[in-house]
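Mapping to UniProt numbering: the sequence shown position 73 is 73, numbers consecutive.
All C-beta atoms, glycine included, are put in the ideal place defined by N, C-alpha and C.
Reading through the structure tokens given below for one structure.
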Amino acid sequence: MLTFFVPVWQARVMQTPAPLGKRARNRLAVEADILRVAREHLATDGAAALSLRAVARDLGMVSSGVYRYVESRDELLTRLIVDSYRSLTAAVRLAHDAVPAGDLTGRWDAIGRSLRGWALEHPHDFALLYGSPVPDYEAPAERTQEPGTAVLALLVRLLHDTRAASRLARPDALGIDPRAADAGLGALLGDEMFAGLALDASTLAQGVAAWTLLLGAVTSEVFDQLGPLPDGEALFECLLSASRHLVIATA
Numbered sequence: 001m002l003t004f005f006v007p008v009w010q011a012r013v014m015q016t017p018a019p020l021g022k023r024a025r026n027r028l029a030v031e032a033d034i035l036r037v038a039r040e041h042l043a044t045d046g047a048a049a050l051s052l053r054a055v056a057r058d059l060g061m062v063s064s065g066v067y068r069y070v071e072s073r074d075e076l077l078t079r080l081i082v083d084s085y086r087s088l089t090a091a092v093r094l095a096h097d098a099v100p101a102g103d104l105t106g107r108w109d110a111i112g113r114s115l116r117g118w119a120l121e122h123p124h125d126f127a128l129l130y131g132s133p134v135p136d137y138e139a140p141a142e143r144t145q146e147p148g149t150a151v152l153a154l155l156v157r158l159l160h161d162t163r164a165a166s167r168l169a170r171p172d173a174l175g176i177d178p179r180a181a182d183a184g185l186g187a188l189l190g191d192e193m194f195a196g197l198a199l200d201a202s203t204l205a206q207g208v209a210a211w212t213l214l215l216g217a218v219t220s221e222v223f224d225q226l227g228p229l230p231d232g233e234a235l236f237e238c239l240l241s242a243s244r245h246l247v248i249a250t251a
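Below you can see the structure in the form of structure tokens.
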């Protein structure tokens with residue numbers, strides 16, 4: 001179970017952490033350098049070829065020294081994934097939160113455009129998150145699931161707000177079979193992400209369809225799956241509009 005929203009009472013009692021000591025600051029600086037160089041290797045060699053020894057060499061460290069900060073290649077990949085998810089979420093949330101809460105179409109478009117913008121600016125990080133799985137690596141769910149679903153949590157909240165405003169597109173008009181939706185997605189509604197939200201399996205299926213189209217539009221552009229395009233942004237705007245209409249009815 002995941003928690004995405006901190007209760008008000010808990011936020012009030014949170015305290016500012018004590019300042020870090022010099023040793024802790026130095027360690028954070030070295031770890032940041034390791035991630036920076038590892039990202040350079042992602043761009044040139046790909047995730048499957050990521051090597052702690054190569055990272056250590058580029059940092060001027062002995063190979064044994066880097067293991068004091070990152071104990072394995074898998075740990076390095078996990079840190080890169082978590083950091084990339086957090087970077088993506090920060091970009092999407094910043095764009096989404098700049099739109100008035102009642103502007104449902106504006107919120108959807110902000111999520112889509114910021115997702116695309118981040119992906120085009122960070123194509124290798126996007127590939128790490130949404131590209132082919134890295135051989136012999138399995139992301140630990142206890143560390144990657146929450147940051148990996150933070151953008152989806154925004155979409156789920158938008159889906160709820162759309163239904164509450166009676167602006168939800170009709171699922172039956174989209175050909176969504178309630179029984180198939182319930183069989184495929186119904187069990188997910190027990191997750192804390194959906195606590196207190198007025199969603200059913202058919203509505204969730206609409207959201208999944210819209211998200212799949214949106215993510216596919218970005219993926220096809222970043223990975224050049226459609227070949228050279230005359231105007232990638234124009235095509236994206238077409239697909240963004242199509243994805244939005246799967247969820248939000250025209251006012």
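- DSSP places I248 within a strand segment (E or B) once states are collapsed to three.
- Proximity of the segment 81–97 to the segment 148–155 meets the contact definition, three or more beta-carbon pairs being nearer than 8 angstroms.
- In the same chain as T105, and ignoring 5 residues on each side of it, the C-beta atoms closer than 7 angstroms to its own belong to R244 and I248, in chain order.
- Taken in chain order, the complete alpha helix (DSSP H) segments of 4 residues or longer contained in the segment 90–124 are 104–121.
- Residues Y69 of the same chain have their beta carbon placed closer than 7 angstroms to that of V30, with the five preceding and five following residues left out of the count.
- Annotation: H41 to S64 spans about 19 angstroms, alpha carbon to alpha carbon.
- Membership of L152 in the alpha helix (DSSP H) is indicated by the continuous run A150 to A164.
- By the beta-carbon neighbour count (other beta carbons within 10 angstroms, threshold 16), G148 is buried.
- With fewer than three CB-CB distances shorter than 8 angstroms, the segment 175–194 does not count as touching the segment 216–223.
- Within the same chain, R79, L80 and D83 come within 7 angstroms of L35 by CB-CB distance, once the 5 residues on both sides are set aside.
- Counting along the chain, G227 sits inside no alpha helix (DSSP H), nor does DSSP assign it H or E at all.
- Here the C-alpha atom of R107 lies approximately 8 angstroms from the C-alpha atom of A101.
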